[in-house]
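Quick notes on the structure that follows.
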Amino acid sequence: MSKKLTYQIVVLFLLAILLSILINNLSINLSRSGLQLSFSWLLRPASFALAENPLPYSPSDTYAWALFMGWLNSLKVILSSLILATFIGVFIGIVRTVGNSVLGFLAAIYITLIRQTPLLLQLMFWYFVAFLGLKDSIFMPIKGMISISNKGIEFLGLSLSSEFSALLFGLSVFTGAYIAEVVRGGILSVSRGQWEAFRSLGFSEINGLFKIIIPQALPAIIPGLTSQYLNLAKNSTLAIAVGYSDIYAINDTVINQTGRTIESFIILLSSFFLLNLLISNLMEVINKITLNSKKI
Amino acid sequence: MIKFTRNIKRTLSINLFNGLLTLAILLIIGLGFIFTLNWLIFSANWKVVTLNLPLYAFGSFPVDQRWRPALWIISLLSLSVITLIGPNRKWLRKSLPLAWIATLPLGIYLLSGGLGLPMVMSRHWGGLSLTILLTECSLLFALPLGIFLALGRQSELPLVKTLSSIYIDSMRAVPLIAVLFFGQLLIPLFLPIGVEIDRVWRAIFAFTLFVSAYIAEDIRGGLQAIPNTQIEAAATLGLNQFQITHFILIPQALRIALPALTNQAIGLFQNTSLMAILGLIELLGIGRSLLANPEFIGRYIEVYIWLASVYWLFCTFMAVLARHLEKRLAIQKTNI
Amino acid sequence: MEHIVSAKNLSKSYTKGLYALDNISLQVDEGKVLVVMGPSGSGKSTLIRTFNGLEAFDAGELNILGIRIDASHDERRIRQIRKRVGMVFQQFNLFPHLSILENIVLAPVQVQKRLQTEAEEHAMYLLAQMGIATHANKYPSQLSGGEQQRVAIARALALKPELLLFDEPTSALDPERVNEVLDVMRNLAKQGMTMIVVTHEVGFAKEVGDQVLFLDSGKVIETSTPNVFFSNARHERSRKFLNQIENK
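Going down the list, the protein sequences come from chains A, B and C.
Position 118 of the first sequence, counted from 1, bears residue number 176 in this note's numbering, the numbering being contiguous throughout.
Position 171 of the second sequence, counted from 1, bears residue number 172 in this note's numbering, the numbering being contiguous throughout.
Position 56 of the third sequence, counted from 1, bears residue number 73 in this note's numbering, the numbering being contiguous throughout.
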């Protein structure tokens, strides 16, 4: 018992020494550059423009407001990618498990292409090739309803910038490949007997899949889905590569302007902490709902 | 009887639908294939790739010294091939892990120079050789750190357990780019005046911190999968806590965690591309700087397809190598 | 002379009022074989596992090879005991990542600091005695259950123990594999090894056992010679138990 205590005191002591050295260095470095830690600059005007602002914003607004816009932009792209990625992932996951062989083969190619190449490269492809590559030629699959050009996507009056669209598609297609594997694993975790059971009851394949198999697969799917959603949120910070003003990109601009590295880093981390909390709680609620509906 | 015909009708309609669907998809694939082939051969201009192959491989490494990174990459590839073949001689097999570890100091020596070789500053390191260096270095540093963190999280000492958990959980909650950014901008602030670490090593430091948290969780999963009876059997033989950890727990945990660790390695290899937007000119960075060159402006598709193929090839190769290793190290389910 | 094992009033309770071991006392002398029998859940595994400290107890004291341990579960003394007491488990518990030879050599080299070559020589001698020397470079998963259990015995013997504990060593084996393990144990008894064996093998107990200890609900119901126990058990509960295993 006393031996354990000694070990812990030694660990604590070493950690305290390390931390005090680091903090000492930091304060020396900060005082040399004349930037004492402070957050009051947050209330000064940001004086940079934003390409996208979900709420009214002008360069005369404060840094704090600009950062908040970034946070909202992050939230916007995360939530919409999350929905699109889920659709892609569920569809591909089902196709890969129960689809016909040609579709299954295509799905397998999609998954290896997406998983064995860097996300950053994929995002650049979506932005520079898929959207900016369109020049100003407008691509209209369904006349009047949707139009796609290098300005982005117009969909029934809703207009999405090309930066947002590239990020949305890049993140969704990427995360979809991972969600597909989660869904596949979940479907395969349901015993073969359940398939035979619904077939013998006269259910069609699709009907049985959605009414019998998927509800049973959900408890196995949701934890994997949650971690994919959290990954998606983290990956959304690559927005800076396509010039979308998410929380990380705006932090980057702020640091370049003010030199407030430490403070911005703290803000970045806490905004992320908040985003993570939001997603995990959301998933917790979904998890509870599915568990409850299972009991009935 | 009615039911029987209905069943047949249903089967027929499903088969008909399935057949038509397959035909349609095959048609689309065929058209896409022809279109792509046409583009690849007639429209694409591959000069942006073919003229710059040495750049993709070595970055701005001095031309007369390019043999050094080349030698390193060749030694890595040949070691991979030896590992894949799986030599029969016991001493050769036992020395393989050591040989892999030795490639790291070899690579650093060949890239940076000294001891008879002209020095090359790290800002001239680039391309594939830098990508590989970032990956291998971070991985080899992160592995022992990850093992310690995993053991720490399982520790009986509450303080060690808490500290390890806090580190692992917070690292895993943060985006990688934030950690890399921390490495580039914040590390200098925490160092004493006069001490400087260059960009490449700061990146490796940040990657190591980040990946070790993920490796720790994979190894913890491996540790938890080891049945308690293994520890009992070892304790019965008189092995102490350290010996049990060293000879029984870690080797088994590593084997169990190998598939997950492979995914980390592949993920890390891909993620080194993030340094392209943080000031290093690794593989993707070379592509970006070439696209900024007026001579090759607008050649996005060619560069991206080329880079994607290189990444894909290396990642697939790593997966094959790991699967081979897994097979050889597999703990087959004992017949208990 | 001193007993190899002597237990005095050992008690261990899981929850209040429910005893895993209830006031157990026993002695084992050098060169003797004690067979422990009892229905499942009677505490026989718990009892044998206290003898090398895998299981702690709440009250009483234990003297193994002259080393005394009590409820305080002193780690240092327990390690001293473990260096001199071997144990064989029901599920073999070989180390799956080590070859057969490495399994056996690990403890002699790491714990007793013997030379690798000397330890390997001894291991090969033991494997030859068990009739499995050709498997030395294989891995546990490549062996049958009976072979694995013989490796486990060799692993325990490699430390040259003064006492061997067997916790149902044949219960996990296919019936046709049981005898190859029991033969090895018979030989050990002949060579004068002191052993405590938890088992349901009546034939083995009759032939090899010097004493049979019958345990039920953590209590010693009776201790008799095999002759008395199997033909003329003194207690109703013992007779009921014997009927049950005969009917199997």
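No residue lacks a Cβ here, since even glycine has one placed at the ideal position from N, Cα and C.
- The alpha-carbon of C/V52 is positioned some 40 Å away from that of A/K61.
- Of all residues in the segment 231-257 of chain B, the ones placed with a Cβ closer than 8 Å to any Cβ belonging to chain C are Q231, E233, A234, A235, A236, T237, L238, G239, L240, N241, Q244, F248, I249, P252, Q253, R256, in chain order.
- For A/I271 against A/I237, the beta-carbon gap comes to about 17 Å, at or over 8 Å, which does not count as contact.
- For A/T144, the closest of A/V68, A/F232, A/W129, A/S328 by C-alpha to C-alpha distance is A/F232.
- Proximity to A/D304 across A/S96, A/L76, A/A109, A/P103 peaks at A/A109, based on C-alpha coordinates.
- For B/E157, the C-beta contacts it makes with chain A under 8 Å involve K62, in order along the chain.
- Along the segment 192-216 of chain B, the positions whose C-beta sits under 7 Å from a C-beta of chain A are L192, P193, I194, read in chain order.
- Excluding sequence positions up to five before and after C/Y31, its CB lies within less than 7 Å of the CB of A37, all in the same chain and listed in chain order.
- The alpha helix (DSSP H) runs lying completely inside the segment 89-140 of chain B and spanning 4 residues or more are 91-113, given in chain order.
- Contact between the segment 205-218 of chain B and the segment 262-271 of chain B is present, with at least three C-beta pairs closer than 8 Å.
- Look at B/Q265: its C-beta is not under 8 Å from any C-beta on chain A.
- Taking CB atoms only, A/Y65 has a neighbour in chain B less than 8 Å away.
- B/G114 sits away from B/G60, with the two beta carbons spaced by 8 Å or more.
- Contacts with chain B at 8 Å (Cβ-Cβ) do not include C/Q261.
- Judged by DSSP secondary structure, C/E137 falls within the alpha helix (DSSP H) whose first and last residues are 133-147.
- At a cut-off of 8 Å between beta carbons, B/T136 makes no contact with chain A.
- For C/S158, the closest C-alpha among the options C/L180, C/L132, C/Q108, C/V237 is that of C/Q108.
- Approximately 5 Å separates the beta-carbon atoms of C/G48 and C/G209; this is inside 8 Å, confirming the contact.
- Assignment of alpha helix (DSSP H) within the segment 244-292 of chain A, counting only whole runs of 4 or more residues, yields 250-258, 263-266 in chain order.
- Of the residues B/E327, B/I35, B/K328, B/L322, the one whose Cα lies closest to the Cα of B/S79 is B/L322.
- Of A/L137, A/P112, A/E212, A/V240, the smallest CA-CA separation from A/S294 is found for A/L137.
- Counting only the Cα atoms, A/G191 lies some 14 Å from B/A45.
- The continuous alpha helix (DSSP H) containing A/V148 extends over residues 121-156.
- Here A/Y185 has A224, V300 as same chain residues with Cβ atoms under 6 Å from its own Cβ, once five neighbours each way along the sequence are excluded.
- Chain-ordered, the chain B residues with CB closer than 7 Å to the CB of C/M104 read T237.
- Annotation for C/M202: the continuous alpha helix (DSSP H) segment containing it runs 195-207.
- Within the segment 230-312 of chain B, the alpha helix (DSSP H) runs of at least 4 residues that lie entirely inside it are, in chain order, 251-272, 284-292.
- Legend: CB atoms of the segment 296-311 of chain A lying less than 7 Å from CB atoms of chain B belong to residues L296, I298, A299, Y306.
- The distance from the Cβ of A/L95 to that of A/L88 is about 7 Å, consistent with a contact at the 8 Å cut-off.
- If you look at C/L51, you'll find it in the beta strand (DSSP E) that goes 50-54.
- The beta carbon of A/F256 does not come within 8 Å of any beta carbon belonging to chain B, so the residue lies off that interface.
- Between the alpha carbons of C/K100 and C/V237 lies a gap of roughly 28 Å.
- The DSSP-derived three-state label of B/M319 is helix.
- Around the CB of A/P114, fewer than 16 other CB atoms lie within 10 Å, so the residue is classed as exposed.
- When C-beta atoms of the segment 206-214 of chain A are compared with those of the segment 262-282 of chain A, fewer than three pairs fall below 8 Å, so the two segments do not count as touching.
- Comparing alpha carbon positions, the residue from B/N229, B/L210, B/F62 closest to B/E283 is B/F62.
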